[in-house]
Every structure is written in structure tokens, then in C-alpha cells.
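Okay, structure first, notes after.
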Amino acid sequence: MLVLIKGAGDLATGTALRLYRAGFSVIMTDLEQPTAVRRSVAFCQCIYDGACAVEGVTARRAAGAEEAGRVLTAGEIPVLADPAAEILHALPFDALVDAILAKRNTGTRITDAPVVLALGPGFAAGTDCHGVVETMRGHDLGRLLTEGGAIPNTGVPGEIGGYTRERIIRAPARGIFEPLARIGQPVTKGTPVARVGGAVACAELTGIVRGMLPAGLTVEEGMKAGDIDPRCQARHCFTVSDKARAIGGGVLEGLLYFGRRGGAWNG
């Protein structure tokens, strides 16, 4: 049961971990320069570092299908810098999960694999994919939708510890990004946390830095560059979030539900 996950950010990684632990073989793809801010729990970090581990599971950068096969054989998760997901045409995937979270469909088709699932808004179950998994925090988070689509993007970050927009660190200007705080570092409101040229972004609340873009990345003004967790629990910075686990559970349900109904696998 070979699954391709498009995207390797924190929510995609939570999904990959759940599938890996359930016995699926997983391959992931992402950009040449990923922009996930929760890098300590995102397998896309191995595109920069060569390899990385999240909750005891290792992901390793692979250059193509052959190398990805060797990584799978070693019990690890291969991640390719392959934004167009060209590897889809090189291996016999049983399922595809679009976890790019672009809030729109960037090219996924229901015919891409025997089972095709998508995370979040921008997809119609039964048209673009077989099923959609809800990503909005609340009662339906992680729910598998077999018709229609997920709740449209509101533009407002989910509430954590009573905060929404204040949690997000945004690039203060266009240019080369320079973090001034590290993931896991406690900060107080007003603390400088990032810089682009002469412009500085400061924390809008007291908490712990849970996410931060890598140094040297070119950013646009207003781009999400990090986040601060007001709960001040250091372990939250280095473990998969409740949201990612819930979404991963929805994907696991979807693979089994559609896979068995369509005869993609029997088990």
C-alpha cells in the first residue's frame, strides 16, 4: 500500500506519521525551498538538512524513484524536492493525498490514483478527489467528507490559548529573512523575533516560539514567517499537534474506506 503525499509541512507530516505507523509505505514531495514554519515537526526540513526525525520516525531526502525505494527499504520516509509531483508517474501508487494546503486545487485529479484524498478547502469530493478531510479547528476537524468540500478559508488563524491573529509572526518587509528567536525559545510581548533588512517583527503576545522560517529564505512582506504558542509548553514545539493528528486520522479513515469500496486493497 504505497501512498504519495503532496506536501511535507507539519500537517502533512502528522498525516505521514499516522499512515507510517499503520503500516503504509509513504513517499512525500515538496518545494525546493519549503516554507513550513513548524520545521521541528515537518519532514520537509530534510530537503534542507538531508535527513530529519519527528517523534522517532526519520525522513530522508531522495533524488528520484530509485533512491526513494532504497529509503523505503531502510524503513524511512523519502521526501523529494518535486513540486509537480512527477514521481506519481514513476511508481505504482495505491493512493495520493494532496496535503499542500494551498486553499485551492493546484492540479490534483481524481484519476491520479485508485484513491485520492485532499486536505482542506478548494476541493470537491467526488469531482476533484474521492474524499476531503476537514482542516478547520472545531467540531468537524479531521472529518472525512465524501461529498461537497471543506469549510472555506476564513483568513483567521485557529484559536490557541485564546489568541488567533496575534499568534502569527509575519515578515515585516520583502527580502532575506533573518530569525532573531529560535524554535522553543520563550518570548514576551514586544520581543524582536525576526528581521528583514532594517525592518523588525516583534512578538504580539507572551509565549514560546513554536515555528520559524529558516534563515536566508526570500520572503514577501506579510508572509507567514513563524508562530508563537501562548500555552508555553516546550514539548508542543517538538511533537505533532492535535490538529495534525486529527487530520491524519481522517486520512487513514479515507484510505481504508475508499480503498476497500473500490477494491484498491483488501485487508
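End of the sequence shown = 404 in the numbering used here, gap-free, step of one.
Even for Gly, the Cβ is constructed at its ideal location relative to N, Cα and C.
All values reported here derive from a predicted model rather than from experimental measurement.
Between I247 and H267, the gap from beta carbon to beta carbon is short of 8 Å. Sorting G298, G279, R274, F161 by C-alpha distance to the C-alpha of G292 places R274 at the top.
Per the C-alpha coordinates, the member of L228, P229, N290 positioned closest to L256 is N290. Taking 8 Å as the cut-off, the beta carbon of A340 is found no closer than this to the beta carbon of K361. Rounded to the nearest whole angstrom, the C-alpha separation of I297 and E303 is 10 Å.
Secondary structure of L254 (DSSP, three-state): strand. When DSSP reads this structure, S162 sits in a beta bridge with L139. In the DSSP assignment, T245 falls outside any beta strand (DSSP E), carrying neither H nor E. With the rule of 3 Cβ pairs closer than 8 Å, the segment 191 to 210 does not count as touching the segment 231 to 244. Excluding the 5 residues flanking it on each side, L354 has same chain C-beta neighbours closer than 8 Å at Q170, T172, I313, F314, in chain order.
It is roughly 42 Å from the alpha-carbon of T283 to the alpha-carbon of A318.
By the C-beta density criterion, E192 is exposed, having fewer than 16 other C-beta atoms within 10 angstroms.
CA-CA distance, G263 to T272, rounds to 18 Å. Using a Cβ distance threshold of 8 Å, V330 and A338 count as a contacting pair.
In summary, E358 is exposed, with fewer than 16 beta-carbon neighbours lying within 10 Å of its beta-carbon over all protein chains present.
In this structure, DSSP gives T195 an extended state, which the three-state scheme calls strand.
In terms of Cβ geometry, K380 and L148 form a close pair [threshold 8 Å].
According to DSSP, P329 shares a beta bridge with C339. Excluding five sequence positions before and after L278, the CB atoms of its chain that fall closer than 8 Å to its own CB belong to E271, T272, K380, A383, I384, given in chain order. Of the other Cβ atoms in all chains shown, fewer than 16 fall within 10 Å of the Cβ of E223; this residue is therefore exposed. The C-beta of R372 has fewer than 16 other C-beta atoms within 10 Å across all chains shown, which makes the residue exposed.
For L209, the closest C-alpha among the options L154, G146, S162 is that of S162.
Contact between I320 and R347 is confirmed by a C-beta separation of about 7 Å, below the 8 Å threshold.
Nearest C-alpha to L393 among G146, G160, A145: G160.
The criterion of a C-beta distance shorter than 8 Å is satisfied by A145 and A179.
Under a 10 Å Cβ-count criterion, C369 is classified as exposed, with fewer than 16 other Cβ atoms of the shown protein chains found around its own Cβ. P258 is classed as buried because its beta carbon has at least 16 other beta carbons within 10 Å across all chains shown.
Cβ-Cβ distances below 6 Å link V253 to L233, I247, C266, H267 in the same chain, with the five nearest sequence neighbours on each side left out; the list follows chain order. Residue pairing by DSSP leaves D277 without any beta bridge partner.
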